[in-house]
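Working notes, structure below.
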Amino acid sequence: MIVLEDLFHRYGSTVALDGVNLEVSEKDNIFCLMGPNGAGKTTLIKILTTQLKPTRGKAYVLGFDVITEANEIRNKIAILPQEARPLNEATPWEMVYWYLVSRGESFSEAKQRTERALKELNLWEYRNIPCLKLSGGLKRRVLLALSIATNAELIFLDEPTLGLDPVSKRETWKLLLELKRETFFFVTTNVGLEAESLAKTVAIINKGKIIAKENPTELKARTYRYKLIFTDDVEVDRVIEFGDRKILYFNEFEEISRVLQKLKSYSIQPTDLEDAFVALLGGGRKMRFRAIISVAYLNITGLLRSPIWIVPQILTPIAMVLILFIFGGKHLALYALVGALVALTVSTSISLSRLAVLLKFIGFQDIFVASPVSPLEYMLGLALSRLLGALPSLLIFLGVLGYLGVLTALNLVLAIGIIILSWLLSSLLAFTIATNIKNVVHVDALSNLLSTALVLIPPVYYPLSRLPPVFQKLALLIPTTYIAELMRIVFGLSSSKASIYLAGALIYMLVFLVLTAKKIKWRE
């Protein structure tokens, strides 16, 4: 099922995995990996789910190499990342349903699996409520439903009950035990009771090394049989303190006879797996259009529920057109209206940079990395969501051009082609930003600055010929100049050669594509 051979990974000078050797058999059904924070659990899961390449060593999942056969693994696994969060405006139904569609499930099968998963996790009554309004525990259950609904051969759950209340935890454990006949679960946790309740085999990792791997009973037998719990302030060797509470582990009562004489109150309990844990530590395929549509849909749910968001997109360019119409006449207003088609596409597409970084930050991207969805499908889905967000405004502007009598069937087709060209160029610029800057605040500031600069500084709303010759040459250094001039040529507002400006736009696209490809990390 899973085989690790001398697996090593380093982040800079920090060693996260230090020669891990591990074999997980399919007979286990549920395998638990325990370890303290920073022990290497999440790093190991990222390698096994093909999100991260190991520094050295070998790792095989379902018989496939995680480096050379990543796509084969992604088709057979699913993941619940530790820090992932659902999209705020998407409902539980939308999150699960569209994720299944993105993986290639038929619409009818996705519907059945979504209903089943939401009911199994007691989310059915919340299915149409935006995740923003759900509690932290319910959000976690939405992501758990998302992974379970895949019916994947192997599901990785990175601390699946994190943030759940005690009742929900036990319900989740019960569900996993019921599903283990159909699916293999690889679970990470630092809760002993969880591992003991779920797994036949438990491994303990600490400081990047596997220090034990046995069934829970054998692990407990390796350490101590009992624990003495007290709060009295007495000096005792080997005591472990948890706030006011002190714990002393032992095997025979003779070992603690003298200690008991000093204590006013105490309790003696059998050890559990968590105690053993503490003691051992010492402290290439075809692109699928449905995947693109699914990613896009999940990222426009906010717009669908709050259409008022498009009002600024419509009013700002219209205000510009009205001002130019009042002070410059109908001809200049026509220039501005044609320019508004370009400006709107550019500004909305560049906002993609913030979205891409934010989705990586909240763990949304990680869910798709460990799935059959390719990086190109994911990126096109994100970019399409921005274009769909601008679509109502674009249709209004095209309608106004039709009303003015300047829109024909031919230039409509050409205008749509230029809008797509503008969308692709701006999206590549956005991904260039997102792949080079990881801070959400910095990306947000830069994308806002660029969207304003690219629309207002070059001749987008007015003819290029209006600029002095020296500024015309400077304007050609800005990519939106080429797109805007192409749009003016289509509507007969410029006599320039279209081939020159088309070549300029394509050169910029190639530059942004190279810059993006050089820095992009679908898997770290």
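Position 358 of the sequence shown, counted from 1, bears residue number 358 in full-length UniProt numbering, the numbering being contiguous throughout.
Beta carbons are placed, not taken as given, at the ideal position from N, Cα and C, and that holds for glycine.
Option nearest residue i by Cα separation, candidates the options
i           : options                           : result
Lys262      : Val66, Ala340 and Asp233          : Asp233
Asp366      : Ile148, Asn21, Leu22 and Thr50    : Thr50
Tyr378      : Pro392, Leu410, Ser347 and Leu298 : Leu298
Ser451      : Ala430, Ile437, Lys264 and Val440 : Ala430
Pro216      : Asp18, Ala390 and Ile204          : Ile204
Lys264      : Leu359, Phe230 and Val514         : Phe230
residue 555 : Tyr226, Val20, Leu359 and Gly192  : What is shown of the chain runs 1 to 524, which leaves residue 555 out entirely.
Beta-carbon proximity list for residue i, same chain, < 7 Å, skipping 5 on both sides
i      : result
Phe364 : Ala84 and Leu87
Ser371 : Arg74, Ala78 and Arg103
Ser426 : Thr345, Val346, Ser349 and Ile350
Thr55  : Phe8, His9 and Arg10
Met509 : Leu424, Leu425 and Leu428
Gly12  : none
Paired residues, beta bridge with residue i - DSSP
i      : result
Asp65  : Tyr60
Thr348 : In the DSSP output, where bridge partners are listed per residue, Thr348 has none listed.
Glu241 : Lys246
Thr43  : Paired residues: none, contrary to the question.
Arg103 : DSSP output for Arg103 lists no bridge partner at all.
Thr201 : Phe31
Residue i, DSSP secondary structure in three states
i      : result
Leu80  : strand
Met379 : helix
Gln269 : strand
Thr480 : helix
Asn206 : strand
Asn215 : coil
Glu178 : helix
Lys518 : helix
Tyr462 : coil
Val236 : coil
Glu254 : helix
Gly19  : strand
Glu485 : helix
Ile148 : helix
Leu337 : helix
Phe368 : helix
Gly284 : Interpretation of Gly284 is limited by its pLDDT of 46, a score under 50 that renders its predicted location unreliable; no figure is taken from the coordinates.
Arg127 : coil
Ile308 : helix
Val187 : strand
Span separating the alpha-carbon of residue i from that of residue j
i      : j      : result
Leu304 : Glu196 : 45 Å
Tyr126 : Ala59  : 39 Å
Ser495 : Ile489 : 6 Å
Pro479 : Val455 : 10 Å
Glu194 : Met34  : 10 Å
Thr43  : Leu132 : 29 Å
Phe361 : Val440 : 8 Å
Asn436 : Lys41  : 27 Å
Ile507 : Ile500 : 11 Å
Glu94  : Thr114 : 9 Å
Val338 : Phe491 : 8 Å
Lys180 : Ala453 : 55 Å
Glu252 : Glu178 : 38 Å
Glu5   : Ile419 : 51 Å
Residues near residue i by beta carbon distance below 8 Å, same chain, minus five either side
i           : result
Leu164      : Gly137, Arg140, Arg141 and Thr172
residue 525 : As displayed, the chain neither begins before 1 nor continues past 524, which places residue 525 out of reach and without an answer.
Ile129      : Thr91 and Pro92
Thr516      : Leu428, Phe431, Thr432 and Thr435
Val443      : Ser353, Arg354, Val357, Ile433, Ala434 and Ile437
Cutoff 6 Å; reference residue i; Cβ partners in own chain excluding five residues on either side
i      : result
Val259 : Val236
Val342 : Ser422, Val460, Ile483, Ala484 and Met487
Ile148 : Ala117
Val373 : Ser102 and Ala291
Lys521 : none
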